[in-house]
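In UniProt numbering, the protein residues as written are 1 to 1045.
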């Protein structure tokens, strides 16, 4: 049924037969005098007794109504023949029931003629919606219902995403559809469901569902049947690692006795897997008696949709080699199939029953067996008793029963009571096990939650709650701090188009609080730069810019009636302000004499551009700037006093010098004026052009970042390639040494040195041979035996010397090869060292360039929009406002610059808090967890963890390095928001903490002044009086305006 706001749409109840039929008394003439007739005059109430009864349910009632509309009540009479007779009046106290007269168990076929009362169709129109079966007796109801159905507010229930059980589901179908389109889409989905679901499984699954009362019904059925298969099923068969489509031809049980198992507790049985449909049996018992792994399945392969009929291709496989297509059989598909095929009575703890039409289609009995009825009845009684006891305990209604003397119980009663107590104890134990199991599953679901996730779901406890560092809430300008911060941010971001140098927020604050003449240079430059942009924009021919609040409105023409809070009127101020309004746009404000004349230009601008709506105090501000606060002691003259109109008013105002009056203006009024000028300047051509340039520059920076990151990866890969691989090098050296040893051992010398060995042996033979002298030979020739022994000794000596020579030659060759290898290694090591140094320097240059690009990216992105660093777990925004837009990250001397030197935190707004709470509950709902996060729990957690809760939109800050570090340690990366925030804080940590430390050093908050740079000894120079450089906001200078001039 289509859903509306996740709830089913209830159909309009069908009208009664009395709403469309009108009883009419029969004619007095009758063919049978004995026929009983109704009185001629009957009241309306008496005639209603003869009205046919309404149907038992909506289907029967709709059938009767449609029979009326089809005209089966011709002339007010209809023959009563079995179940098909309609329109006959049924007198009171008759035995007629739905048009049947029970007699011997057969419907009556007699025709009742000339009844006492007949009826006809009411003389009124009816309207029928065939798609829903609704009937309306008035057009207004019909048209209202049709208009309701035509609205695109319905959601299709056909596509469902089940979570934990089939009773709880989450709709994920099409939405924003008319009712009839959603209904057709749902019916299409249901047809597709029944087509896909395996036909062979339908009877088994529905038999297991019949008369059951289990919340995890679908999950239990899936576990029973996911590895049990039936004849004619199309499945996938695993053949040597490949899956083929096949059809089960025959199922062979492990023993023939399984086919003779009696019917289950609900009176049903199956030819194969008979015990699987009895969900009352424990899974272990079913597995022991009917193990699906012991079944043998004979299958035939199916190729290209055609089955191979040859017997040779039939395979015998077991259940572990068979699987179903997940598109046709899965937990979600099974739950959807069950949900579409079953229904339940409205009574509590009623069992699920297969719809009659489906039960008749698959031959499933609709009559409940006695054992099943008793089981359901006892279950209902137990549950109702449990609910009653819990309610009484909750309301404190338990009252001890009065002691009543009981009669002694018989043995039979005692046995029945013991049996009942055992059953109750057993049921209580099962209920406790089920409850513990549900709690364990709930805990497992929470443990299975993937992190990072919604921050409000991160577990915490009151005992181990980590408290966030205390925030500084005493910020300047009170509830106007956000306006003050936005003004400072705009002036620093748009410093380039405004020709305004960056300045710190402390200097801005102190300049606004300054109340003595002359005005600080910072205040003068801010007003002069803003006014110069407005003057240049008007000189370029553009139409005068108006405040954003006045966009789309017609300018008011009742200026003459404006009056300030202190009594200032346009009539009083016009003599002075009109002249300034005409002259302030003549030329831009010059740089000389501390921007002399900017106060007069300010008055002219306010008089021309401001209104009571955009700047409520502008008349009072002009009055304060142009006149003295006290009346003149004497009557003003023509030369010193105001115009005649002013003098005639009797106010006695004395004109004042505007430059002397501005410092005495209230600091909140100064801030309001600067904010108003910023609103005007933000719409000028110069600022819009600067933002367009920032968009183009941002695109180029992104491209350059990609290129530099690619180069960094290349350099890192090259540097890693130069690192020695210890395992490979050691293995190579071992192999090389082994090869040398083998060569020496096998050949007896180094390869290629055979000729040298022969020459050495020849030389040794020549040296050992005696001289060719006959006398010597004759005198010294020994006997023949001695001569042979001497010859053998000389030969062995020569062989030994030759062996030693070969060894020396081999050693020398090894030494030469080793020296060559060492020289090569030294050369390679020197080359690798130089390459590493070069690549390391190149990587350092690229990293520095990438860091510079990060600074540029932050500068350009802040020009376009303000964006916090991130959000904490409760949705509070964390802001770091330094180095944004035109304000650089580094000062000209290379040191780290700072703007605020603080980390600001802004309290969450109510809509955002509601959004994050809904997001957390949506995650829990998607996981199937029944718990939910409540706003009271979040408030309690905030009080425990925040250490000073911020109000709606309230601001706080950290201005100490250690406080920021503690805040970073307080963040939990398991939450999505705090993970991103911690990542951003870690990335900018050196600049953030450096800016905070720099500010504390400059302001002397840590008790030590800024360290001085070591100076060189220079020749002393003369300095004129008053040339000492001023520090703080008084010593600030606008370097950008000076360069431009």
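Even for Gly, the Cβ is constructed at its ideal location relative to N, Cα and C.
Note that this is a predicted model, so its numbers are computed, not measured.
Contact check, residue i vs residue j, beta carbons under 9 Å
i           : j           : result
residue 319 : residue 228 : yes
residue 322 : residue 221 : no
residue 948 : residue 496 : no
residue 236 : residue 205 : no
residue 547 : residue 679 : yes
residue 950 : residue 907 : yes
residue 128 : residue 151 : no
residue 303 : residue 245 : yes
residue 223 : residue 200 : no
residue 454 : residue 984 : no
residue 619 : residue 573 : yes
As assigned by DSSP and simplified to three states, the class of residue i
i           : result
residue 979 : helix
residue 372 : helix
residue 362 : helix
residue 134 : strand
residue 152 : coil
residue 453 : strand
residue 503 : coil
residue 655 : strand
residue 8   : strand
residue 706 : helix
residue 238 : strand
residue 380 : helix
residue 321 : helix
residue 459 : coil
residue 276 : helix
residue 826 : helix
residue 895 : coil
residue 677 : helix
residue 314 : strand
Local Cβ density within 10 Å of residue i, reported as buried at 16 or more and exposed below that
i            : result
residue 1048 : No answer is possible for residue 1048: the residues shown for the chain start at 1 and end at 1045.
residue 916  : buried
residue 176  : exposed
residue 879  : buried
residue 52   : buried
residue 291  : exposed
residue 513  : exposed
residue 770  : For residue 770, the pLDDT reaches just 44, beneath the cut-off of 50, and the residue's location in the model is therefore unreliable, leaving the point undetermined.
residue 844  : exposed
residue 825  : exposed
residue 893  : exposed
residue 186  : buried
residue 69   : exposed
residue 867  : exposed
residue 626  : buried
residue 811  : exposed
residue 972  : buried
residue 188  : exposed
CB contact below 9 Å: residue i versus chain B
i           : result
residue 202 : Looking for chain B here will not work: only one protein chain is present.
- Query: If you pair each beta-carbon of the segment 501-510 with each one of the segment 897-905, do three or more pairs fall below 8 Å?
  - Reply: yes
- Identify every run of the alpha helix (DSSP H) within the segment 927-989, keeping only runs that are complete inside it and at least 4 residues long; order them along the chain. 935-945, 961-970, 976-987
- Can we say the segment 954-972 touches the segment 987-1002, given the rule of at least three CB pairs closer than 8 Å? yes
- Item | Sufficient close CB pairs (3 or more, under 8 Å) joining the segment 707-721 to the segment 845-853 | yes
- Item | Segment contact flag, the segment 864-875 with the segment 821-840, C-beta cutoff 8 Å, min 3 pairs | no
- Does the segment 326-342 touch the segment 275-286, meaning 3 or more C-beta pairs lie closer than 8 Å? no
- Entirely within the segment 587-628 and at least 4 residues each: give me those alpha helix (DSSP H) ranges in chain order. 592-595, 598-609, 618-626
- Task: Output the residue ranges of the alpha helix (DSSP H) runs that lie fully inside the UniProt domain "DDT" (478-540) and measure 4 residues or longer, sorted by chain position.
- Result: 481-493, 495-498, 505-513, 521-539
- Message: Can you confirm whether the segment 534-541 touches the segment 914-931 when touching is taken to mean that 3 or more C-beta pairs between the two stretches lie within less than 8 Å?
- Response: no
- On the three-pair Cβ rule with 8 Å, is the segment 592-608 touching the segment 653-664? yes
- Is the segment 472-491 in contact with the segment 658-677, if contact means three or more CB pairs nearer than 8 Å? yes
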